[in-house]
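S.K.: First, the structure itself, so that you have it in front of you.
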Amino acid sequence: PRNLPAIWRRHWAYLPAEGIAPILIGEFGGRSMGHDQEGTWQRSLVDFLKASGLSYTYWSWNPDSGDTGGILKDDWLTFDRAKLDVLSSYQWPRLGQAMAAPAGERNAA
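Numbering (the working numbering), first residue to last: 2 to 110.
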């Protein structure tokens, strides 16, 4: 996984880094967030997105996606805690939660 950031930068992450175009990573996901190959890849990607300030969407919410499963487990009620733990490390606050104004905006008022 140490080589992944360089590969991502070479293939697509250079676009926002060089001001060429914004990027939204969509539909990445998998069944595992563990220390196997799939989990390592997913955790590495989220870490890279966070470090690079890039946006993402996760696939999928529903558990019946054959190749990735979902954020919900097969009972359609229980959250996959491992997935939520990784994804929540790089999410906006929930709607309705107050966000502090940047320091420059607080001082200008």
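C-beta atoms are modelled at their ideal positions from N, C-alpha and C, and glycine is treated no differently.
Which residue's Cα is closest to the Cα of S61: S33, A7 and N4?
M.R.: S33
S.K.: Which class does P2 belong to by DSSP, given the choice of helix, strand or coil?
M.R.: coil
S.K.: Between L46 and L78, what straight-line distance do the alpha-carbon atoms span, to the nearest angstrom?
M.R.: 27 Å
S.K.: How would you call K84, buried or exposed, if buried means at least 16 neighbouring beta carbons within 10 angstroms?
M.R.: Its Cβ being crowded by 16 or more others within 10 Å, K84 is buried.
S.K.: Report buried or exposed for Q38, applying the criterion of at least 16 other Cβ atoms within 10 angstroms of its Cβ.
M.R.: With fewer than 16 Cβ atoms within 10 Å of its Cβ, Q38 is classed as exposed.
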